[in-house]
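First residue of the sequence shown? That's 1 in the UniProt record's numbering, and the numbers climb one at a time after it.
Note that the Cβ used here is the ideal one computed from N, Cα and C, for glycine as well.
Please read the structure below before turning to the comments.
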Amino acid sequence: MSYITEYQASIDSPDTFWADKAKQLPWFKAPEKILSDDENGIKRWFADGEMNTCYMALDHHVAQGRGEQIALIYDSPVTDTKMQLTYAELLEKVARFAGLLQANGVSKGDRVVVYMPMISEAVIAMLAAARIGAVHSVVFGGFSANELAVRIDDAQPKMLITASCGIEINRIIEYKPMIDRAIEIATHKPSKVVLLQRQQCIASMHEGRDIDWAEAVKTANKAECVSVSGTDPLYILYTSGTTGKPKGVVRDNGGHAVALKYSMSAVYNMQPGDVFWAASDVGWVVGHSYIVYAPLLHGCTTIVYEGKPVRTPDAGAFWRVIEEYKVKAIFAAPTAFRAIRKEDPDAKLLAKYDLSCLESVFMAGERLDPPTYEWTKQITGKPVIDHWWQTETGWAIASNMIGIERLPTKPGSATKPVPGFNIQILNASGQSLPPNTQGAIAIKLPLPPSCLATIWGDFDRFVSGYLTEYPGYYCSGDGGYIDEDGYLFVMGRTDDVINVAGHRLSTGEMEEILAAHDAVAECTVIGVYDSLKGQIPVGLTLLKDGANISEADLQAELVAMVRKEIGAVACLKQILVVERLPKTRSGKILRKLLRQIAENEEFIVPSTIDDPASIDEIKTIMQTNGLVKPSVE
């Protein structure tokens, strides 16, 4: 089947298309209502289906005689630990931990917050909650007590599941003090805390509330799967909100399972038994979808990696994991490969490893700039596939569907819409724009399976945030264009467009040009105030290790490159070299925060920030160079 045939079928007859995909999964009761309206008038998938996501991911494979296949590989260079679990072994651990949850009062519909490092127990906790019909909300291990408290008050969990510590490069982050403080300041109080003691840090126990994971599972009964409906929530995942209050994206059980199962073969070209590695964290949507659920729903082997792309121990870490476990496809954020490129620009460490098992490299999470695309493709000799999606969708909106038909790639493009996503480029009035014209990227309703149907406890916020700006469409918040061949180019958030003397210019386009310079490892471009032109662009660059060029020469070369590609209208004249850029823990550069600093606005430091000190550094540099808008007296 060709891509266009598959895609058109999904747009012309979505009910028929997704009913067929749903048949690939073992439902307790197959859905007959494929697409129907809920009480809020929102289209929902598989409302009358009865199922259990954990059953589909584990029990079914064991029942089919594949219990001895490796389900999960745990690889932790920060603790020098490796471990593998078969499907049968993982099922045993999940069923017993689910029994522990039940024994402590957790039942269908209750919420549990999971605050864990990248260890196998995090996966076990998530699957165990799903097994008994509870709703899990994973909070990135190491988040501050205040941020955790906000999520506790919003989700109102009956139980909190944690470990004594997380382990970063050369440091241990104690979780228990943050847990205790979060519960202290939260209005809602979870009745129980399950604590996994790690040998690197033994935490104190709160008598009567805290439960020792290792001791409690010894006597726990194994829980059976609880049937839920297709529209019952599987999890809540918090994503940053413009007000500072995080938004709890709600994921349905049914649509989630159907879309993820389909994506493993259609998007990633994976077969049951193959090894898939999403080099992410369970705290992010990528971790939910492609570390925990999709690989196991499809019968693949997944990898839980507790380490970094560099310095654990070096920039060859990814290549070592790929060779050691015969990884067929890797999925990581572009920032991971930029980090590798910065420390090993000539990829000398790659020569130590055999990547013959690897078929494809997938990237998402932020815009994949063409220089990173070209470098990764060149050094690995593998196809590099840029695909675009969001926390809100749970899987790819646009991709090269290599499991259906491998299309030619175009650097800077996420290729074409994934089946089910009717993508339109709209102007401010909501009218469709012609090819090669930049506008807002919107998705015509109904959204395909797995996409959010509400915000936890705040349906009005869901409507105002996603459905109001362009009636009949989901507003993605991203801008870009579709070219004459139907390829989608995502240029960044719609507010990453600056107005220079009346000319609307994409900062993403300028970043592309800067990143092409041999000395630049990473960069960002923001608009700063200018009394004459309104805004002018300024570049912030991070250099590759060993780069030998003066800041003056670099600035001259980069300004010339932008002038050549875009023209003098870009007005990019100032480039600053910095030691680090403020990023989230998933590697996204905090462009909005940089713009707020430049505009001299009040800003909230996002809870997802990796290194808070980087903000003060950047603020000082920008102030020193006169890049902060003067205060109005």
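(message) So, at 7 Å on beta carbons, what are the nonlocal neighbours of Val-628 in its own chain, with the 5 sequence-adjacent residues on each side left out?
(response) Against the sequence shown, residue 628 aligns to sequence position 628. Closer than 7 Å at the Cβ level, and outside the excluded window around Val-628, lie Ile-597, Ala-598, Asn-600 and Met-622.
(request) Quick one: using the 10 Å Cβ neighbour count with 16 as the cut-off for buried, is Arg-580 buried or exposed? (result) As a first step, residue 580 is located in the sequence shown; it is residue number 580 there, counting from the start. With fewer than 16 Cβ atoms within 10 Å of its Cβ, Arg-580 is classed as exposed.
(request) Throw me the rounded Cβ distance for the Gln-440 and Ile-423 pair, which I believe falls under 8 Å. (result) As a first step, residue 440 must be located in the sequence shown, where it is residue number 440. As a first step, residue 423 must be located in the sequence shown, where it is residue number 423. It should be pointed out that residue 440 corresponds to Ala in this sequence rather than to Gln. Not really, about 11 Å apart at Cβ, beyond 8 Å.
(request) Jot down the residue ranges of each uninterrupted alpha helix (DSSP H) in the UniProt domain "AMP-binding enzyme C-terminal" (509 to 588), minimum 4 residues, whole runs only, in chain order. (result) 551 to 565
(message) Distance check for Cys-523 and Leu-514, CA to CA, integer angstroms please.
(response) In the sequence shown, the residue the question calls residue 514 occupies position 514. In the sequence shown, the residue the question calls residue 523 occupies position 523. Those two C-alpha atoms are separated by around 7 Å.
(message) For a test of the three-state rule: what should DSSP assign to Ala-203, helix, strand or coil?
(response) Sequence index remark: in the sequence shown, residue 203 carries index 203 (1-based). If DSSP states are grouped into helix, strand and coil, Ala-203 belongs with coil.
(request) Give me whichever residues DSSP pairs with Glu-168 in a beta bridge. (result) As a position in the sequence shown, residue 168 is number 168, starting the count at 1. Bridge partners of Glu-168: Arg-171.
(message) If you measure between the beta carbons of Ser-280 and Gly-287, is that distance less than 8 Å?
(response) As a first step, residue 280 must be located in the sequence shown, where it is residue number 280. As a first step, residue 287 must be located in the sequence shown, where it is residue number 287. Cβ distance < 8 Å, so Ser-280 and Gly-287 count as in contact.
(message) Let's test the definition: count the other Cβ atoms within 10 Å of the Cβ of Met-159 and tell me whether it reaches 16, buried, or not, exposed.
(response) Walking along the sequence shown from the start, residue 159 turns up at place 159. That one is buried.
(request) Check each candidate in Leu-407, Ile-526, Leu-90 and Phe-17 and name the one with the smallest Cα separation from Val-500. (result) Residue numbering aside, residue 500 sits at position 500 when the sequence shown is read from its first letter. Residue Ile-526 is the option with its Cα nearest to Val-500.
(message) Can you look up Arg-406 in the DSSP assignment and give me helix, strand or coil?
(response) As a working note, residue 406 is residue 406 in the sequence shown. Reduced to three states, the DSSP call for Arg-406 is coil.
(message) Within a Cβ cutoff of 7 Å, which residues of the same chain sit near Ala-547, ignoring the five residues on either side of it in sequence?
(response) As a working mapping, residue 547 is identified with position 547 in the sequence shown. Result list for Ala-547: Ala-519, in chain order.
(request) Return the chain-ordered ranges of every beta strand (DSSP E) run that is complete within the region 23 to 71 and spans a minimum of 3 residues. (result) 35 to 37 and 43 to 45
(request) Go ahead and label Glu-102 buried or exposed: buried means 16 or more other beta carbons lie within 10 angstroms of its beta carbon, across all protein chains shown. (result) Here residue 102 corresponds to residue number 102 of the sequence shown, with the count starting at 1. First, the residue type needs correcting, since residue 102 is Gln and not Glu in the sequence shown. Per the 10 Å Cβ criterion, buried.
(message) Quick check: the region 249 to 266 against the region 38 to 48, are at least 3 beta-carbon pairs closer than 8 Å?
(response) yes
(request) Classify Phe-276 as helix, strand or coil using the three-state DSSP reduction. (result) Your numbering for residue 276 matches position 276 in the sequence shown. Note: Phe-276 maps to strand in three-state DSSP.
(request) Check Thr-81 in the structure and name its three-state DSSP category. (result) On the sequence shown, position 81 is the one that residue 81 refers to. Looking at Thr-81 - three-state DSSP - the assignment turns out to be strand.
(request) Just tell me which of Ala-347, Asn-625, Ile-185 and Ile-211 has its CA closest to the CA of Lys-544. (result) By one-based count along the sequence shown, residue 544 stands at place 544. For Lys-544, the nearest C-alpha among the options comes from Ala-347.
(message) Run through the DSSP bridge pairs and tell me what Phe-331 is partnered with.
(response) Indexing the sequence shown from 1 puts residue 331 at position 331. Its beta-bridge partners are Ala-278 and Phe-362.
(request) Note down the Cα distance separating Val-562 from Ser-2, rounded to an integer number of angstroms. (result) Looking up residue 562 in the sequence shown gives position 562. Looking up residue 2 in the sequence shown gives position 2. Going from the Cα of Val-562 to the Cα of Ser-2 covers about 39 Å.
(request) Excluding the 5 residues preceding and the 5 following Leu-196 in the sequence, name in chain order all residues of the same chain whose CB lies nearer than 6 Å to its CB. (result) One-based indexing of the sequence shown puts residue 196 at position 196. Closer than 6 Å at the Cβ level, and outside the excluded window around Leu-196, lie Glu-121, Ala-163 and Trp-213.
(message) In the DSSP output, what is Asp-369 paired with across the bridge?
(response) The residue given as residue 369 occupies position 369 in the sequence shown. According to DSSP, Asp-369 bridges with nothing at all.
(request) Under 6 Å Cβ to Cβ from Ala-516, same chain only, skipping five residues before and after it: list those, please. (result) As a working note, residue 516 is residue 516 in the sequence shown. Closer than 6 Å at the Cβ level, and outside the excluded window around Ala-516, lie Pro-371.
(message) I need the straight-line Cα distance from Asn-221 to Ala-98, nearest angstrom please.
(response) Numbered from 1 along the sequence shown, position 221 holds the residue referred to as residue 221. Numbered from 1 along the sequence shown, position 98 holds the residue referred to as residue 98. Roughly 8 Å between the two C-alpha positions.
(request) Give the straight-line distance between the Cα atoms of Leu-35 and Ile-236, rounded to the nearest whole angstrom. (result) For the purposes of this step, residue 35 is identified with residue 35 of the sequence shown, where counting begins at 1. For the purposes of this step, residue 236 is identified with residue 236 of the sequence shown, where counting begins at 1. Cα to Cα, Leu-35 sits roughly 22 Å from Ile-236.
(request) Using the Cα positions of Trp-277 and Val-528, report the straight-line distance between them to the nearest angstrom. (result) Taking the first residue of the sequence shown as 1, we reach residue 277 at position 277. Taking the first residue of the sequence shown as 1, we reach residue 528 at position 528. Going from the Cα of Trp-277 to the Cα of Val-528 covers about 40 Å.
(request) Can you tell me which of the three DSSP states Thr-16 falls into? (result) Position 16 of the sequence shown, counting from 1, holds the residue named residue 16. Three-state result, Thr-16: helix.
(request) With a cut-off of 8 Å on the beta carbons, I'd call Ala-570 and Leu-505 a contact; round off their distance for me. (result) In the sequence shown, counting from the first residue as 1, residue 570 sits at position 570. In the sequence shown, counting from the first residue as 1, residue 505 sits at position 505. About 6 Å separates the two Cβ atoms, so the contact holds.
(request) Within 10 angstroms of the Cβ of Asn-52, are there 16 or more other Cβ atoms? Answer buried if so, exposed if not. (result) Along the sequence shown, read from residue 1 onward, the residue named residue 52 stands at position 52. Buried.
(request) State whether the region 349 to 363 contacts the region 325 to 333, with contact taken as three or more CB pairs (one from each stretch) at a distance under 8 Å. (result) yes
(message) At the level of alpha carbons, what is the spacing between Val-150 and Gln-378?
(response) As a working mapping, residue 150 is identified with position 150 in the sequence shown. As a working mapping, residue 378 is identified with position 378 in the sequence shown. In a straight line, the C-alpha of Val-150 is about 45 Å away from that of Gln-378.
(request) Enumerate in chain order the residues of its own chain whose CB-to-CB distance from Val-559 is below 8 Å, with the five nearest sequence positions on each side excluded. (result) Walking along the sequence shown from the start, residue 559 turns up at place 559. Leu-572, Lys-573 and Ile-575.
(request) Determine the DSSP secondary structure at Leu-350, reduced to helix, strand or coil. (result) Walking along the sequence shown from the start, residue 350 turns up at place 350. The answer is helix: DSSP assigns Leu-350 an H, G or I state.
(message) Starting from Gln-102, trace the alpha helix (DSSP H) in both directions and tell me its first and last residue.
(response) As a working note, residue 102 is residue 102 in the sequence shown. Unbroken alpha helix (DSSP H) run through Gln-102: 87 to 103.
(message) DSSP has Tyr-235 in a bridge; who is on the other side?
(response) Position 235 of the sequence shown, counted from the first residue, corresponds to residue 235. DSSP output for Tyr-235 lists His-136 and Arg-251 as bridge partner(s).
(message) For Ile-566, which residues in the same chain have their Cβ closer than 6 Å to its Cβ, ignoring the five residues on either side in sequence?
(response) One-based indexing of the sequence shown puts residue 566 at position 566. Hits under 6 Å: none found.
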